[in-house]
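Residue numbers (my numbering), protein chains in the order written: chain A, 155 to 503; chain B, 155 to 503.
Backbone N, C-alpha and C fix where the C-beta goes; we use that ideal spot for every residue, glycine too.
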DNA sequence: AATCAGACCGAAAACGTTTTCGGTAAATAA
DNA sequence: TTATTTACCGAAAACGTTTTCGGTCTGATT
């Protein structure tokens, strides 16, 4: 435990605290012999500076905060993992907080972080957040903030995003290229930007490949669950027996769909192809394994921290803060729930 | 941003900082009118006390640290979730760190936490940790510590555990009660206590039900992976075609086994029953769904924090710290990969 | 002998808060 | 009137560090 202080060391050696402090920090105006005496004693006593006192003077904590909607999610926990790993390299510790997709909680938790005087904040907006004053105020107060994943362009700060629209376009395009023509989309709750983006990517792909958009092929899952996917499958196949492809908003839904199709004796991918989104761990353990879009959470986390660090430095040096936007590329992970691309089409278009 | 200080408020109102401080904390020796004047101005200026300065005086940060081997695991992230939720109730923030199952990292990360002068630490030991001096020293230094999940009884502090042995006994017992007699066990790496406990629970169950223990029915998975489970299945069924039950150390292995059995055209549970451990999310999405042991991570986290809080209070009050051990009950989640218990046996024994 | 330059060290202020201990005035009691 | 309480407020120290600004020596230079 860090109990021994500069004062105690100085008393033992008959020096002043200033001298001891300077000796430990290798100031040039301290005699080498004195330095050695101080450093040796400090080592022997396991001296470590008191972090509060340092923070009080320097106005820096070397602690940052990250606020996510829900920690118990592979996507978010891997983002946090990326943040922690990157932060560690630069000596920063990370406080983790959750908003549970609640606007009130988001405000409350952010206030906790701000009140602790930590150095910076990274956050992913809750689904319910439609006003951004609480965040803009924090930024205007001088606190470096980085947004990731669920962001808003109304907030002027650095952001890390994946291009949901582009990824979703690719997913749909892949279904089309593998021969699907009646492609259903299971979307999520209305508000979040990701929902809209993935929906638009789907729609754009259809347009690009001259496939008529049919609104009745859009189904909605409110809680993004396995059960939703399972239950919607029966409804989908009853209303549209000709469906030959299903693009789900997120893997758990897609996995529910797989099970639903199996129960209906519908062959995947022979009769219906299924593609998910997010590359959850379990998507490679299903039967058949699930084709999906990979979002590299680690990379999002690492890049978010890098942006934050940049602004922490800019702030310290009095420079103007950046608001750059980093886009993390996604990739499509092709598995068994979709057909392979026929040779004649797989050439670049 | 918390910029306005007591001094500034005092200057505006023509008071001393002491008076302002006392007014805000409702000291009895301050005039009510003065209190109101101070509190109103403080509100108007959005005053929040400087956390460093408070910590410097009080020697309390209201921050605790948690160190887990790996955050990106449903089990650990749900523990952290439990900790954060419980900590929030009492105004504590949580710094999250990972050891990546490395002894050196464990030491390093713990030192970071100790040096930050946080109030307490909760940790789950890394697999590689066989010496405990680094932790014992921290405890002797006066830092409250709580161990959970991967613990050692050589460390004198509060602990939260699940009784792996009992749970494993139950899992094996369930297989026996549903008619299995040649039960294989896939165990984990040798060192960790959990490996041994689950192995012993398996063995005890066999003894209790007068089934001969056959060492050749024990298989080892080194990296606890889906692939290990898959690959071991072929070997197991080749060496012991009469196997009718498989108890895997952890769900991913069990799910690999399910896939392996399917590839070998072995019916589950008709020919072979399979039971996992940990109730990973995906275990309810497989075909067949997996019977497993549920470990309530949230409860572990919440209880761990409660123990820590108790010792934080004890420390503040100068009381002696407790070292109590809380055992979190597990439950068996019966799904499709095992047979139901026959009526005549299911009566209490 | 007087001056000057280093070399080395310490005093003190500052970061912002909390709390103890008086101190002054007014109000009450003697 | 004097003594004593009560009500209210402020000075100051403390938490532990960092850094500026002198200050005191020694030894060298005129």
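Taking all protein chains shown into account, decide if residue 183/A is buried (16 or more other Cβ within 10 angstroms of its Cβ) or exposed. On the first chain, residue 183/A is found 29 positions in, with the first residue counted as 1. It counts as exposed.
Looking only at its chain, what residues have a beta carbon closer than 6 Å to the beta carbon of residue 316/A, apart from the 5 residues adjacent to it on each side? To locate residue 316/A, count along the first chain from 1; it is residue 162. Counting only Cβ-Cβ distances below 6 Å, and skipping sequence neighbours, we find 449, 482, 484.
Residues in the same chain with beta-carbon distance under 6 Å from residue 313/B, minus the five sequence neighbours each way, listed in chain order, please. Locating residue 313/B in the second chain gives position 159, where the first residue counts as 1. Correct list, in chain order: 301, 305, 479.
At the level of alpha carbons, what is the spacing between residue 255/A and residue 284/A? Translated into the one-based positions of the first chain, residue 255/A becomes position 101. Translated into the one-based positions of the first chain, residue 284/A becomes position 130. Answer to the nearest angstrom: the Cα atoms are 12 Å apart.
Express the C-alpha separation of residue 165/A and residue 173/A in angstroms, rounding to a whole number. By one-based count along the first chain, residue 173/A stands at place 19. By one-based count along the first chain, residue 165/A stands at place 11. Residue 165/A has its alpha-carbon roughly 11 Å from the corresponding atom of residue 173/A.
Residues that residue 202/B contacts on chain A, provided the C-beta gap is smaller than 7 Å: Sequence index remark: in the second chain, residue 202/B carries index 48 (1-based). Under the 7 Å cutoff, chain A gives 269.
Give the range of the beta strand (DSSP E) segment to which residue 252/A is assigned. Against the first chain, residue 252/A aligns to sequence position 98. Under the DSSP assignment, residue 252/A falls in the beta strand (DSSP E) whose first and last residues are 247 to 252.
Alpha carbons only, please: which of 323/A, 362/A, 393/A is nearest the one belonging to residue 401/A? Translated into the one-based positions of the first chain, residue 401/A becomes position 247. For residue 401/A, the nearest C-alpha among the options comes from 323/A.
Of all Cβ atoms in chain B, is any one closer than 9 Å to the Cβ of residue 406/A? Here residue 406/A refers to the residue found at position 252 of the first chain. Nearest CB-CB separation between residue 406/A and chain B: below the 9 Å threshold.
Nearest to residue 218/B by alpha carbon, out of 455/B, 476/B, 371/B? What you label residue 218/B is simply residue 64 of the second chain in a count that begins at 1. Per the Cα distances, 455/B.
Buried or exposed: where does residue 459/B fall if 16 or more other Cβ atoms within 10 Å of its Cβ makes it buried? Along the second chain, one-based indexing puts residue 459/B at 305. Around the beta carbon of residue 459/B, 16 or more other beta carbons sit within 10 angstroms, so the residue counts as buried.
Taking 6 Å as the limit between beta carbons, can you name the residues of its chain near residue 475/A, skipping five residues before and five after? Within the first chain, the letter at position 321 stands for residue 475/A. Excluding its 5 nearest sequence neighbours in each direction, residue 475/A has C-beta neighbours in its own chain below 6 Å: 465, 468, listed in chain order.
Comparing the C-beta of residue 416/B with each C-beta of chain A, is any distance below 9 Å? Residue numbering aside, residue 416/B sits at position 262 when the second chain is read from its first letter. For residue 416/B, the answer is yes, since a Cβ of chain A falls inside 9 Å of its Cβ.
Per DSSP, the bridge partner or partners of residue 217/B: Against the second chain, residue 217/B aligns to sequence position 63. According to DSSP, residue 217/B bridges with 247/B.
Let me make sure I understand the geometry here. Which of 261/A, 196/A, 186/A, 408/A has the alpha-carbon closest to that of residue 436/A? Sequence index remark: in the first chain, residue 436/A carries index 282 (1-based). Closest option to residue 436/A, Cα to Cα, is 408/A.
Interface residues of chain B facing residue 280/A [CB-CB closer than 7 Å]: For the purposes of this step, residue 280/A is taken as residue 126 along the first chain, with counting starting at 1. Chain B residues near residue 280/A: none, gap ~16 Å exceeds 7 Å.
For chain A, check one thing: does any of its Cβ atoms lie closer than 9 Å to the Cβ of residue 316/B? Working through the second chain from its first residue, we reach residue 316/B at position 162. Proximity of residue 316/B to chain A, defined by a Cβ-Cβ separation below 9 Å, is not satisfied.
Quick one: give me the first and last residue of the alpha helix (DSSP H) that residue 190/B is part of. Counting from 1 along the second chain, the entry for residue 190/B is found at position 36. Start and end: 186 to 198.
Considering Cα atoms alone, identify which of 433/A, 237/A, 221/A, 292/A is closest to residue 457/A. For the purposes of this step, residue 457/A is identified with residue 303 of the first chain, where counting begins at 1. Cα-wise, what sits closest to residue 457/A is 237/A.
Between the beta-carbon of residue 445/B and the beta-carbon of residue 486/B, is there less than 9 Å? Taking the second chain and counting its residues from 1, one reaches residue 445/B at position 291. Taking the second chain and counting its residues from 1, one reaches residue 486/B at position 332. It is a contact, given that the beta carbons lie within the stated cut-off.
Would residue 205/B pass as an interface residue toward chain A - the criterion being a Cβ-Cβ separation below 9 Å? In the second chain, the residue the question calls residue 205/B occupies position 51. Cβ-Cβ to chain A under 9 Å: yes for residue 205/B.
Contact the segment 323 to 332 of chain B vs the segment 384 to 397 of chain B: 3+ CB pairs below 8 Å: With contact defined as three or more Cβ pairs closer than 8 Å, the segment 323 to 332 of chain B and the segment 384 to 397 of chain B are not in contact.
Could you name the residues that DSSP lists as bridge partners for residue 481/B? Indexing the second chain from 1 puts residue 481/B at position 327. BP columns for residue 481/B point to 315/B.
By Cβ distance below 8 Å, which residues in the same chain neighbour residue 397/B in space, the five residues on each side in sequence not counted? Position 243 of the second chain, counting from 1, holds the residue named residue 397/B. Within the same chain, residue 397/B has close Cβ partners 336, 337, 338, 371, 390, 391, 426.
What do you get for residue 308/B, buried or exposed, if any count of 16 or more other CB atoms within 10 angstroms of its CB means buried? The residue you call residue 308/B lines up with position 154 of the second chain. A residue is called buried once 16 or more other Cβ atoms fall within 10 Å of its Cβ, and residue 308/B, having fewer, is exposed.
In the structure shown, what three-state DSSP assignment does residue 432/B receive? Taking the first residue of the second chain as 1, we reach residue 432/B at position 278. In this structure, residue 432/B counts as strand in the three-state DSSP scheme.
Taking only beta-carbon positions, decide if residue 505/A is within less than 9 Å of chain B. In this structure chain A extends from 155 to 503, so residue 505/A is not present and cannot be described.
Who are the neighbours of residue 192/B on chain A, taking C-beta pairs under 8 Å? Translated into the one-based positions of the second chain, residue 192/B becomes position 38. From the beta-carbon of residue 192/B, no residue of chain A is found nearer than 8 Å; the closest lies around 19 Å away.
Cα separation between residue 354/A and residue 351/B? Mapped onto the first chain, residue 354/A falls at position 200. Mapped onto the second chain, residue 351/B falls at position 197. The straight-line gap from Cα to Cα measures roughly 52 Å.
Less than 9 Å separating the beta-carbons of residue 249/A and residue 247/B? For this step, residue 249/A is matched to residue 95 along the first chain. For this step, residue 247/B is matched to residue 93 along the second chain. In contact: residue 249/A and residue 247/B (Cβ atoms closer than 9 Å).
Just to confirm my understanding: we take residue 462/B, look at its own chain, exclude 5 residues before and 5 after, and list those with CB closer than 7 Å. What are they? The residue given as residue 462/B occupies position 308 in the second chain. Annotation for residue 462/B: 218, 274, 276, 298, 300 place their beta carbon closer than 7 Å to its own, counting only its chain and skipping 5 residues before and after.
Distance cutoff 9 Å, beta carbons only. Does residue 247/A sit that close to anything in chain B? As a working mapping, residue 247/A is identified with position 93 in the first chain. Nearest CB-CB separation between residue 247/A and chain B: below the 9 Å threshold.
Under 9 Å between beta-carbons, which chain A residues line up against residue 441/B? List them in chain order, please. As a first step, residue 441/B must be located in the second chain, where it is residue number 287. In chain order: 412, 413, 416, 440, 441.
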